[in-house]
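Just below is one structure, and these are the notes that go with it.
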Amino acid sequence: MNRIVSKMGCPKCNTNRKPEYRIVSATIYKGGKKVFIKYPQNELSHQFIKDIVKREITAQKGFAHQAQVVRSRIVDGILIYPYIPFPNLETLIDEKLSTKDFQGAHHLLKSYVLFLRNLAQSKMKPLQFAKEFGLRRESVTKELNSLSFGPIDCIPSNILVSKTQWYVVDHEWTYDFPVPVDYVIFRGIYSLVLSLQSKIQSHTSADFPVSRFEGYGKNQTFIPYDWLQFFKEMEIPIKDLYFLEYLFQKKIQIYSKLGILRLVAKPKKLEKIPQPSMLVRTLVPVVSKLQKWLLRLKGTEK
3 MNRIVSKMGC
13 PKCNTNRKPE
23 YRIVSATIYK
33 GGKKVFIKYP
43 QNELSHQFIK
53 DIVKREITAQ
63 KGFAHQAQVV
73 RSRIVDGILI
83 YPYIPFPNLE
93 TLIDEKLSTK
103 DFQGAHHLLK
113 SYVLFLRNLA
123 QSKMKPLQFA
133 KEFGLRRESV
143 TKELNSLSFG
153 PIDCIPSNIL
163 VSKTQWYVVD
173 HEWTYDFPVP
183 VDYVIFRGIY
193 SLVLSLQSKI
203 QSHTSADFPV
213 SRFEGYGKNQ
223 TFIPYDWLQF
233 FKEMEIPIKD
243 LYFLEYLFQK
253 KIQIYSKLGI
263 LRLVAKPKKL
273 EKIPQPSMLV
283 RTLVPVVSKL
293 QKWLLRLKGT
303 EK
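Structure, rendered in structure tokens:
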């Protein structure tokens, strides 16, 4: 393990994850070839590495012939992946926005949504999913369109795109039980809203209107108005999907907080980004400092 790790540069590790889920990742050269590796950051996360191997098998079965699942081989406790030299779907959507090809960006997002909706699924009550997220059994009141497995992290940044097929990577959060397809799609769109927020705001215009999505002041985010059509196709209310995302982050992270969803049933079409009022500009920093203080206090009480 030390021989492999010593050759890598710029390793990444999300230190806000709970210790048992904390792993290190990096791109290295091994045997003259470029590879991607993951290994446990601490003793507690060794089991998570083993879980990832099992989840990659689940992903391969679940995606079947719809996409190529990139799996690892494990050597001395390190997961080693082949390097796939293709851009991810998020990058392609970003490039379309950069060139003001808004229809092209929308088309790519639509392809992503259809890809997920075309996976094997059935109408059922996803009780195991609810249990995993800390929800009471009785909170699942109706049957939902659910995928046969749970590719929670099948977001655009984890899909590599070639001219002939898609490669799905990063299966840390692929479960072997059914998951509502609406939640997986919501996570994908939400990830784009966050990652591409500066691009979304800078291009807001009559040709590319937006709607408020979440937050206030400098923390507010916006979603392209045309992307809202994908939410209209969902059977689970957006406020519930937003709360599910909070529960997921709470499960894996040390610190997580429920944001303020501002997307309403009949959202306004905005052709320019509204400036926050003086009151909001004054209160938001105060509230932010209070939240950070409370988090630090919570940390010292453990």
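Mapping of the sequence shown onto our numbering: residues 3 to 304, in sequence order. Even for Gly, the Cβ is constructed at its ideal location relative to N, Cα and C. Here the structure is a predicted model, which is why all the values come from computation and not from measurement.
Asked, Found
"Proximity to Ile54 [Cα-Cα], best of Glu45, Phe65, Tyr41, Gly64", "Tyr41"
"Cβ-Cβ distance between Asn147 and Pro182 below 8 angstroms", "yes"
"Ile54 in three-state terms, based on DSSP", "helix"
"Validate contact between the segment 130-140 and the segment 168-180 using beta carbons, cut 8 angstroms, 3 pairs", "yes"
"Which listed residue (Phe38, Phe151, Leu196) has its alpha carbon closest to that of Pro158", "Leu196"
"Nearest candidate by alpha-carbon position, reference Ala69, set Pro276, Lys165, Gln222, Gly219", "Lys165"
"Residue from Arg264, Leu265, Phe250 with nearest C-alpha to Ser258", "Phe250"
"Cβ neighbours of Met236 in the same chain (closer than 6 angstroms, five flanking residues each side left out)", "Asp184"
"Status (buried if at least 16 other CB within 10 Å, exposed otherwise) for Asn90", "buried"
"Boundaries of the alpha helix (DSSP H) in which Glu174 is found, first to last residue", "Here Glu174 belongs to no alpha helix (DSSP H), and DSSP marks it neither H nor E."
"Sub-8 angstroms separation of Gln49 and Arg24 beta-carbons", "no"
"Same chain, Cβ closer than 8 angstroms to Thr206, neighbours up to 5 away in sequence not counted", "Val212, Phe224, Leu272, Glu273, Lys274, Ile275"
"Burial state of Thr60, where buried means 16 or more other Cβ atoms lie within 10 Å", "buried"
"Backbone CA spacing between Arg214 and Phe88 [nearest angstrom]", "33 angstroms"
"Residue environment, Glu337, which counts as buried when at least 16 other CB atoms sit within 10 Å", "Because the chain spans 3 through 304 in this model, residue 337 falls outside it and cannot be assessed."
"Which listed residue (Lys252, Ile154, Ile51, Asn221) has its alpha carbon closest to that of Ile76", "Ile51"
"Minimum C-alpha distance to Lys201 - residue among Tyr114, Ser100, Ala107", "Ser100"
"For Phe224, the residue or residues it bridges with in DSSP", "Arg214"
"Cα-Cα separation between Ala107 and Thr29, rounded to whole angstroms", "29 angstroms"
"Three-way DSSP call (helix, strand, coil) for Asn120 in this model", "coil"
"Pro269 in three-state terms, based on DSSP", "coil"
"Reduced DSSP category for Pro84 - H, G, I as helix; E, B as strand; rest coil", "strand"
"Beta strand (DSSP E) segment containing Phe38, residue limits", "35-42"
"Selected residue, minimal CA-CA separation from Glu216, among Val71, Leu110, Gly261, Asp96", "Gly261"
"Helix, strand or coil at Arg264 according to DSSP, with G and I counted as helix", "coil"
"From Leu116, Ala66, Asn221, Ile254, residue whose alpha carbon lies closest to that of Gly190", "Leu116"
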